[in-house]
Amino acid sequence: MTYASARHRLHILALTTALFAAPLFACAQSVAAPGKDTQPMKIRLLIHGQVIPATLYDNSSARDFYTMLPLTLALEDYAATEKIGYPPRKLDTTAAPEGHAPAVGDITYYAPWGNLALFHKGFRYSSGLVSLGKIESGVELLRLSGKVAVVVERVE
């Protein structure tokens with residue numbers, strides 16, 4: 019066997035091993051990951067008796083916010099782009115990315131100020147903004163002008 023053919027066989031063997039081992043490794047990681055909540059964190063926001071369904075992402079900040087629910091917040095307009103309100107305490111931002119570029123319907127947390135921000139318009143990347151989840155429908159209710167009371171609760 020020549021050096022080139024032996025090298026070719028090693029490449030084939032390595033590729034085959036990688037193709038078969040990767041799914042097994044991924045499965046092992048997902049089963050062994052401690053503390054990961056595999057159930058989606060479904061929530062609803064109640065504004066003027068109307069329901070806005072949403073889902074929180076699986077990250078430390080979203081899980082921390084979920085532990086506070088149910089929660090009533092006074093939301094106010096900010097920059098004609100979002101409604102903001104203040105939870106009773108700051109959220110855990112361990113391992114949070116440096117920032118986020120929010121889109122319509124994003125539920126976020128602005129760590130420097132400690133406020134929740136619900137976006138009814140997209141906005142540019144902002145340092146300190148942590149993505150918590152996504153509103154599924156009813157974003158137009160966030161466009162109501164002025165202060166609005168919102169109840170945020172778990173959907174079990």
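Numbering (this note's numbering), first residue to last: 19 to 174.
The beta carbon of each residue, even a glycine, is placed where N, CA and C say it ideally should be.
Treat the numbers as computed from the prediction; the structure is a model and nothing was measured.
The three-state secondary structure of S163, taken from DSSP, is coil. Here the alpha carbons of E116 and E174 stand approximately 31 Å from one another. When secondary structure is reduced to three states using DSSP, D82 falls in the helix class.
Following the DSSP letters along the chain, one finds G103 inside the beta strand (DSSP E) bounded by residues E100 to G103.
Residue pairing of P120 in beta bridges, as defined by DSSP: absent, with no partner found. Around the beta carbon of T126, 16 or more other beta carbons sit within 10 angstroms, so the residue counts as buried. For a cut-off of 8 Å, the C-beta gap from A92 to G103 is around 6 Å, short enough to register as a contact. Proximity to A80 across L150, V122 and V169 peaks at L150, based on C-alpha coordinates.
Beta bridge pairing from DSSP links P71 with R62. In its chain, beyond the 5 residues on either side, D110, T111, T112, A113 and A114 have a beta carbon closer than 8 Å to the beta carbon of S78. Between K108 and G132, the CB-CB gap stays under 8 Å. Looking at V168, T90, L134 and A98, the one whose alpha-carbon comes closest to that of F141 is A98. Between Y128 and L87, the alpha-carbon positions lie close to 18 Å from each other.
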